[in-house]
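Just below is one structure, and these are the notes that go with it.
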Amino acid sequence: MGSGLKVAIVGSGPAGMYTAGALNTKCAGCEIDILDKLATPYGLIRTGVAPDHQTTKNVSRAYDKIMENENVRFVGNIAFGDDISLETLKSLYDVVVMAIGTPKDKNLGIPGEDKNGIFGAQVFVYWYNGHPEFRAAVPHLEVKNAIVIGNGNVALDVARVILKTEGEMLSSDLAEHAGDHIFGSPLQTVRIIGRRGAEHAQFSTKELGEMKDLTSANVMTDGTLIPDKFSSEDAKTEKVVNNNLALMREYAQNAPSDDKRSLYLDFRLTPTEILGEDRITGLKLEKNRIEAGKAIGTGDFIELPCDLLVTCIGYELTNVGGLPVENGIVKNVDGFVEDGLYVVGWAKRGPSGTIGTNRLDSQQVVDRILEDTCGGPDPSKEGAAGLDKYCQTNNISVVSFEDWRKIDEVEKKRAGEHSPRRKFVRTRDMLTLVREENKE
Ligand SMILES: Cc1cc2nc3c(=O)[nH]c(=O)nc-3n(C[C@H](O)[C@H](O)[C@H](O)COP(=O)(O)OP(=O)(O)OC[C@H]3O[C@@H](n4cnc5c(N)ncnc54)[C@H](O)[C@@H]3O)c2cc1C
């Protein structure tokens, strides 16, 4: 079934890679092109996952194995919507799968959000991870009081990365420009703020526990807001939350000290207004009480000093290339968008779950694709050959997987003694390197 099927996957993050892997296993002889707007593969594994969480990034080895198959190609540096349209892709391939993630931060929707010093998590994280489009997004970190809004692991990532010392980041692949700003920053206080209670925070215990290992900061919280026990019908959730609460009770015993910065975990607060003229200087928040798991405003407000605000409150997809976008995702039914067009990963179901969640999700969409295409490939579709012709005609300098391997090798070679890589942060530099290497 499906032999010779020509498939374009747009996006080489986990969802795109698991789609390619499942197609390759279940559809002998299919030809798969994985397009990405970046010259580097694997999406948020490179540009999202924290630079000091190298073990998590090791999942890319499994993706490398998928790329070793002759019928699977990486075609980097081609942006869907700008360089190539849906119409063109559909004219070249039997099946097009969108795996483009949800690249835009959601807004808080409060007055003053346009001031300087405010960043969505994705922008901030892209910046410290060396995403080429965001390498200059955070011009400086001359800040004393940072607030991170959100109670998920990304909020912990952001706080940890800006608090870690140069020594603690030696074995990371933090982008060099970010290190220059972060290590010299006069940062004194970081607050991670959640709307609901400590028992509703979505932290993983491992990441929450890492906070106590920070050498430059004391982690603290208000013990009166930490419940003794949390009960849930879901035994797994109950265990995780109770482990988290135990850690937070430990943190509640800590006190500020002169020799360290302060990291506070604050709960039951909703941001209502950003204070300051052009730049943020403070944040106004309303205190909440919790009713049936919901945060209800009490009408009691506080103001906190703040000169850096990072919002980690979710992501969405906005209109790109004429795709039908609704509620921040590509409108779909179980991954089916329209004849010949499918969607997987965060672009399909929104930004939730771990890297592994995308695996089963992509496999299910592949099953649907194979059911729909049981009539076999359309001989008029040119696939890879057609894409190559298109790129030549339109002067698009694509990056192959072999080219990426060269970039990867140089990044590893030029890294410091303990660091896995020193990233290129300009696509232009990567293209120059590839051109030079290919001349030899
Ligand atoms: C900051 C952060 C940290 C995270 N850390 C962890 C973690 O430690 N552990 C964990 O399990 N999960 C983590 N996750 C979740 C995990 O990264 C996601 O589950 C996963 O990356 C979603 O995969 P995806 O393929 O749908 O999207 P993405 O990984 O976003 O991949 C989308 C790909 O599409 C490409 N693309 C976008 N637009 C276009 C276009 N127009 N044309 C061509 N290509 C395009 C992008 O360049 C990218 O390569 C984290 C998420 C974030 C945001």
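Quick note on this note's numbering: the sequence shown kicks off at 23 and runs consecutively. For each residue, glycine too, the CB sits at the ideal point set by N, CA and C.
Three-state class that DSSP yields for residue i in the structure shown
{"i": "Thr-211", "result": "strand"}
{"i": "Asn-284", "result": "A quick correction: the sequence has Ser, not Asn, at residue 284. Ser-284: strand per DSSP, three-state reduction."}
{"i": "Ile-391", "result": "helix"}
{"i": "Arg-450", "result": "helix"}
{"i": "Thr-243", "result": "strand"}
{"i": "Ile-351", "result": "strand"}
{"i": "Ile-467", "result": "There is simply no residue 467 to check, as the chain begins at 23 and stops at 462 in what is shown."}
{"i": "Ala-197", "result": "coil"}
{"i": "Gly-142", "result": "strand"}
Minimum C-alpha distance to residue i - residue among the options
{"i": "Pro-372", "options": "Ala-220, Met-242, Ala-121, Arg-213", "result": "One detail in the question is off: residue 372 reads as Gly in this sequence, not Pro. Measuring from the Cα of Gly-372, the nearest candidate turns out to be Ala-121."}
{"i": "Val-421", "options": "Arg-217, Gly-139, Asp-58, Ala-50", "result": "Asp-58"}
{"i": "Thr-110", "options": "Tyr-412, Arg-457, Ser-419, Arg-444", "result": "Tyr-412"}
{"i": "Asn-240", "options": "Leu-209, Tyr-286, Phe-225, Glu-229", "result": "Tyr-286"}
{"i": "Ala-268", "options": "Glu-360, Glu-221, Ala-177", "result": "Glu-221"}
{"i": "Asn-129", "options": "Cys-334, Gly-26, Ser-419, Asn-276", "result": "Cys-334"}
{"i": "Leu-453", "options": "Val-432, Arg-436, Lys-403", "result": "Val-432"}
{"i": "Ser-194", "options": "Gly-438, Asn-265, Asp-74", "result": "Asp-74"}
{"i": "Ala-72", "options": "Asp-179, Ala-314, Arg-83", "result": "Asp-179"}
{"i": "Arg-450", "options": "Glu-313, Glu-155, Arg-271", "result": "Glu-155"}
{"i": "Arg-301", "options": "Gly-315, Asp-329, Glu-313, Asp-280", "result": "Asp-329"}
{"i": "Ala-168", "options": "Leu-326, Thr-340, Val-81, Cys-49", "result": "Leu-326"}
Same chain only: Cβ atoms within 7 Å of residue i, ignoring 5 sequence neighbours per side
{"i": "Arg-381", "result": "Tyr-40"}
{"i": "Thr-340", "result": "Lys-126, Val-347"}
{"i": "Lys-48", "result": "Val-388, Leu-392"}
Own chain, CB closer than 6 Å to residue i, minus 5 neighbours either side, in chain order
{"i": "Pro-36", "result": "Ile-377, Asn-380"}
{"i": "Gly-245", "result": "Ala-274"}
{"i": "Leu-236", "result": "Leu-185"}
{"i": "Phe-423", "result": "Met-89, Phe-96"}
{"i": "Glu-229", "result": "Asn-175, Leu-178"}
Close beta carbons around residue i, own chain, < 8 Å, minus the five adjacent residues each side
{"i": "Thr-292", "result": "Arg-217, Leu-307, Glu-308, Asn-310, Ala-317, Gly-319"}
{"i": "Trp-426", "result": "Ala-61, Thr-62, Pro-63, Phe-96, Gly-98"}
{"i": "Asn-265", "result": "Thr-227"}
With 16 other Cβ atoms within 10 Å as the buried cut-off, status of residue i
{"i": "Ile-324", "result": "exposed"}
{"i": "Arg-290", "result": "buried"}
{"i": "Ser-284", "result": "buried"}
{"i": "Ala-153", "result": "Looking at the sequence itself, residue 153 is His, so the reference to Ala does not match. Buried, since its Cβ has 16 or more Cβ neighbours within 10 Å."}
{"i": "Thr-259", "result": "exposed"}
{"i": "Gly-189", "result": "exposed"}
{"i": "Asp-322", "result": "exposed"}
{"i": "Val-366", "result": "buried"}
{"i": "Arg-448", "result": "exposed"}
{"i": "Cys-52", "result": "buried"}
{"i": "Thr-438", "result": "Note that residue 438 corresponds to Gly in the displayed sequence, not to Thr. Exposed."}
{"i": "Pro-278", "result": "exposed"}
{"i": "Val-94", "result": "buried"}
Can you give, in chain order, each stretch of the beta strand (DSSP E) that sits fully within the region 263-338 and has at least 3 residues?
-> 283-288, 291-297, 304-313, 316-327, 330-333
What runs of the alpha helix (DSSP H), each 4 residues or longer, lie entirely inside the region 361-416?
-> 368-371, 379-394, 406-415
If you scan the region 41-129 from start to end, which runs of the beta strand (DSSP E) of 3 or more residues do you find wholly inside it?
-> 53-58, 94-98, 117-120
Could you pull out every unbroken beta strand (DSSP E) segment of at least 3 residues lying fully inside the region 161-193, listed in chain order?
-> 167-171
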